[in-house]
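Inspection log for the structure reproduced underneath, given as structure tokens.
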Amino acid sequence: MARSTSSRPPQEGQALSPSKVLLVQVESSEQSALCGALEREGFQVIEKWTIREALSSLAAETFVALICDLHLPSAGDGFTLVNAMRHFHPDAITVIMSNYPALRESVSALLPQADEVLVTPIPPHEIVTRLKT
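In my numbering, the protein residues as written are -14 to 118.
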């Protein structure tokens, strides 16, 4: 699932900065577990809870991946964020999650922009593995 990135190698004496992942989910214990798993693997996780906050971050920062819920409490949804991610960071990995089991089959054909459509709950290590491959 990994996309090619065009990042430059660090200059001599510069440290590698961690790869940023934008995590947009309804606050839950699953989000905390996923955030912790990503951070243990060296990712810098930026957590947002609304479409507006996430869109501001997408415009202002560089991300290697977006992981978001399909259904969010504010106006818009995960599709809005996937489209924005493709605009601002076309090489980034995009993952939409939903707790509706039939979603994967019904949406996969309709959403060519997303790299993955995952049904939750999903163990955090599986998401980390998908981001690293």
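Cβ atoms here follow ideal geometry from the backbone N, Cα and C, with glycine treated the same way. All figures in this text were calculated on a predicted structure; none of them were measured in a lab.
Taken through DSSP and simplified to helix, strand or coil, Thr35 comes out as coil. Residue pairing by DSSP places Ser41 opposite no residue, since no beta bridge is assigned to it. For Thr65, no beta strand (DSSP E) run applies; the uninterrupted alpha helix (DSSP H) run containing it begins and ends at 63 to 73, by DSSP.
Here the C-alpha atom of Pro106 lies approximately 8 Å from the C-alpha atom of Glu15. Inclusion of Leu51 and Val30 in the CB contact set at 8 Å is not warranted, their separation being larger than that value.
Take Val113, set aside five residues on each side of it, and the residues of its chain with a beta-carbon closer than 7 Å to its own are Ala22, Leu23, Glu26, in chain order. Close CB contacts of Ser4 within its chain, under the 6 Å cut and outside five residues either way in sequence, are with Phe28, Val49 (chain order). Shown here for Thr47: same chain residues with a beta carbon closer than 7 Å to its own, the five before and five after excluded, namely Lys5, His74 in chain order.
In the three-state DSSP reduction, Leu51 falls in the strand class (E or B). Nearest neighbour of Gln10 by Cα position, chosen from Asp76, Met70, Ile81, His72, turns out to be Ile81. Nearest Cα to Asp62 within the set Ser42, Ser41, Arg37, Ala77: Arg37.
Only buried fits Lys33, as 16 or more other CB atoms lie within 10 angstroms of its CB. Residue state for Ser13 is assigned as coil, using DSSP reduced to three classes.
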